[in-house]
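*Asks:* Let me begin by handing over the structure; questions about it come next.
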Amino acid sequence: MAASTHLPRLVRRWVRPEPIDVSSSLGGAGPRAPSPAAGHLTSREGAAPDTAIGLDLDDVYREHFAFVWRSVKRLGVRDASLDDVVQEVFVIVHRRLAEFEGRSSIRTWLFGIALRVARDHKRGAARKDTDGSVDPDTLQAPAPSPSDSMEKAEAVRLLYAILDEMEDERREVFVMAELEQMAMPDIAGMLGLNVNTAYARLRAARQTFESALARRRAQDEWRLR
0 MAASTHLPRL VRRWVRPEPI DVSSSLGGAG PRAPSPAAGH LTSREGAAPD
50 TAIGLDLDDV YREHFAFVWR SVKRLGVRDA SLDDVVQEVF VIVHRRLAEF
100 EGRSSIRTWL FGIALRVARD HKRGAARKDT DGSVDPDTLQ APAPSPSDSM
150 EKAEAVRLLY AILDEMEDER REVFVMAELE QMAMPDIAGM LGLNVNTAYA
200 RLRAARQTFE SALARRRAQD EWRLR
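Residue 149 in numbering that gives the first Met the number 0 sits at position 150 of the sequence shown; the count goes up by one each step and never skips.
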């Protein structure tokens, strides 16, 4: 997928899958992978690979922990629940890694699991919110660390604030296409949509993002008068 022109330059610079350093841009110590023992995954040094294509569970865990952490956060899991949700994702990976046949990238496969776990978690969290109220402070990106530039901190804050305004259907396709740069056929397959419907949903998500961005910029300009 070609790089999108729909994200403003400031945000686009910091939210692409590879360049962003989630441990610094999202504040604090960041999502560093615990040891497999700490994560309740069995470490099996010298054991045979877990899949027919040679993937090892411990390697997948170490190499993709930050990606999974970032993905479930972008999908709307609140900060207080991130560790538990990521752990649940890797418990499922532990059970199902032998089924992975390499028909998609390992990240696409992991994202599919993360998406289902995040959805289930958010449905459960919504049921617990009996009064329907949400503390907006719990939905914002964590405070950036002091070493972050103001530009980077503002881009991260802006991105998460707008994502939190999106309906889940639009948020999911926006995260997959614009932030993780997944191919549209993969997105459509994960969401159970035909490709045309997935594109239509992405167009709506882009419009939502751009409208929210324009509104926030107008509000900022008004406050600075």
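We put the beta carbon where it would ideally sit given N, CA and C, even for glycine.
Note that the structure is predicted; figures quoted are calculated from it, not measured.
With 16 other CB atoms within 10 Å as the buried threshold, where does Ser210 fall?
*Replies:* Ser210 should be labelled exposed.
*Asks:* Determine the DSSP secondary structure at Val174, reduced to helix, strand or coil.
*Replies:* helix
*Asks:* Can you grab the Cα-Cα spacing for the pair Arg202 / Leu96, in whole Å?
*Replies:* 34 angstroms
*Asks:* Compare the C-alpha of Gln86 against each of Trp221, Arg77, Ala113 and name the closest.
*Replies:* Distances from the CA of Gln86 to each of Trp221, Arg77, Ala113 were compared; the closest alpha carbon is that of Ala113.
*Asks:* Using a Cβ-Cβ cutoff of less than 8 angstroms, which residues in the same chain neighbour Val174 once the five nearest sequence positions on both sides are dropped?
*Replies:* Sequence-distant partners of Val174 (beyond 5 residues in either direction) whose C-beta falls short of 8 angstroms from its own C-beta, in its chain, are Ser70, Arg73, Leu74, Leu162.
*Asks:* Please identify the residue among Glu220, Arg170, Leu178 whose C-alpha is closest to the C-alpha of Ala204.
*Replies:* Arg170
*Asks:* Considering only C-alpha positions, which residue in the set Leu109, Ser148, Leu223 is nearest to Val67?
*Replies:* Selected option, being the one with the closest Cα: Leu109.
*Asks:* Secondary structure at Glu87, three-state DSSP: helix, strand or coil?
*Replies:* It is helical.
*Asks:* Looking only at its chain, what residues have a beta carbon closer than 8 angstroms to the beta carbon of Arg214, apart from the 5 residues adjacent to it on each side?
*Replies:* The answer is none, since no qualifying residue turns up.
*Asks:* Check the C-beta distance from Ala197 over to Leu190 and give it rounded, since I have them as a contact under 8 angstroms.
*Replies:* With a Cβ gap of about 6 angstroms, Ala197 and Leu190 count as contacting.
*Asks:* Name the residue from Lys121, Thr107, Glu166 whose alpha carbon lies nearest to the alpha carbon of Asp78.
*Replies:* Among Lys121, Thr107, Glu166, the Cα nearest to that of Asp78 belongs to Lys121.
*Asks:* Within 10 angstroms of the Cβ of Glu168, are there 16 or more other Cβ atoms? Answer buried if so, exposed if not.
*Replies:* exposed
*Asks:* Have a look at Val76, Val84, Leu56 and flag the residue whose alpha-carbon is nearest the alpha-carbon of Glu98.
*Replies:* Nearest Cα to Glu98 within the set Val76, Val84, Leu56: Leu56.
*Asks:* Determine the DSSP secondary structure at Asn195, reduced to helix, strand or coil.
*Replies:* helix
*Asks:* Excluding the 5 residues flanking Ser103 on each side, which residues of the same chain have their C-beta closer than 7 angstroms to its C-beta?
*Replies:* Asp185
*Asks:* Would the beta-carbon of Val76 fall within 8 angstroms of that of Val84?
*Replies:* yes
*Asks:* If you draw a straight line from the C-alpha of Ser80 to the C-alpha of Val194, how long is it?
*Replies:* Looking at the two C-alpha atoms, the distance is approximately 32 angstroms.
*Asks:* Mind checking whether Arg63 and Arg106 have CB atoms under 8 angstroms apart?
*Replies:* Reading off the sequence shown, one finds His at residue 63, where the question assumed Arg. It is a contact, given that the beta carbons lie within the stated cut-off.
*Asks:* Which one of Leu212, Asp82, Ser148 has the shortest CA to CA distance from Tyr159?
*Replies:* Proximity to Tyr159 across Leu212, Asp82, Ser148 peaks at Leu212, based on C-alpha coordinates.
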